[in-house]
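Below is one structure; the comments refer to it alone.
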Amino acid sequence: MANFTKQAIKAAFLELLDEKPLNKISVRDIVERCGINRNSFYYHFQDIPSLLGEIIVERTNELMAQYPTVDKIEEAFRASIDYAQKNRRAIMHVYNSVSRDTFEASVMRLCAYMTEQYLKSAYPDAEISDTDREVLHRFIKCQLFGLCIDWMLGGMKPDTGEKMARILELYRGVAELILEKCRASNA
-19 MANFTKQAIK
-9 AAFLELLDEK
1 PLNKISVRDI
11 VERCGINRNS
21 FYYHFQDIPS
31 LLGEIIVERT
41 NELMAQYPTV
51 DKIEEAFRAS
61 IDYAQKNRRA
71 IMHVYNSVSR
81 DTFEASVMRL
91 CAYMTEQYLK
101 SAYPDAEISD
111 TDREVLHRFI
121 KCQLFGLCID
131 WMLGGMKPDT
141 GEKMARILEL
151 YRGVAELILE
161 KCRASNA
């Protein structure tokens, strides 16, 4: 029963988040939407930011679970973009709120995961130093993160998602060039 109530709270919150900005959502709105009392809400969550934080972590984990290996970073990135576009209003409400830092940390974690899986899958036997591997990982992760944040700053326009996919398509081969330079400098 407790898990059902917790899921009902999350569902009500997500519905409300799709309807109005985060700072306009109250605990009262959530409990009225799912037909429970305030104590039930506070049994499961400390406050709205803790509810939001848990949802963000869950959604990020779900996206990562869809791609246990990443042969092409564009595929995983495209799935993330598609998810974001389907939930655009809610995401923009969070992005434009005081909880932006929590959201950005999850976006960075997702970018780090995609990059790590991509490097493991596409270059499992790359003969480069741990330092160079770490630098390459950081480089790709930060580029993906920058693309995401730039897209959100622009209002998450659908055509921008296509342009980002094109950027990643054009980007293909850059990691190989960097790996080659790493090998050459370590030889």
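All residue numbers in the sequence shown are consecutive under my numbering, ending with 167. Glycine is no exception: its CB is placed at the ideal position from the N, C-alpha and C atoms. If you're wondering where the values come from, they're calculated on a predicted model, not measured in any experiment.
Sequence-distant partners of Arg58 (beyond 5 residues in either direction) whose C-beta falls short of 7 Å from its own C-beta, in its chain, are Ala145. Looking at the backbone, the Cα of Arg18 and that of Arg163 are separated by about 60 Å. With a cut-off of 8 Å on Cβ pairs, the region 114 to 127 is not in contact with the region 66 to 79, counting fewer than three such pairs. Pairing Ile108 with Leu159, the inter-Cα distance amounts to about 7 Å. The beta carbon of Cys128 lies closer than 6 Å to those of Val87 in the same chain, with the five residues before and after it left out. Pairing Thr95 with Phe(-7), the inter-Cα distance amounts to about 31 Å.
The beta carbons of Leu148 and Glu(-1) sit no closer together than 9 Å.
In the DSSP annotation of this structure, the continuous segment of the alpha helix (DSSP H) that includes Asn41 starts and ends at 28 to 45. Taking Lys(-14) as the centre and dropping the five residues before and after it, the same chain places the C-beta of His24 closer than 6 Å to its C-beta, in chain order.
If you look at Ile129, you'll find it in the alpha helix (DSSP H) that goes 110 to 133.
Contact between Thr82 and Ile36 holds, since their C-beta atoms are separated by about 6 Å, short of 8 Å. In the three-state DSSP reduction, Asp105 falls in the coil class, being neither helix nor strand. In the DSSP assignment, Met72 falls within the unbroken alpha helix (DSSP H) covering 68 to 75. Judged by DSSP secondary structure, Arg163 falls within the alpha helix (DSSP H) whose first and last residues are 154 to 166. Comparing alpha carbon positions, the residue from Ile(-11), Ala102, Pro1 closest to Arg80 is Pro1.
Judged by DSSP secondary structure, Asn19 falls within the alpha helix (DSSP H) whose first and last residues are 18 to 24. The residue among Ala64, Glu12, Asn3 with its C-alpha nearest the C-alpha of Arg39 is Ala64.
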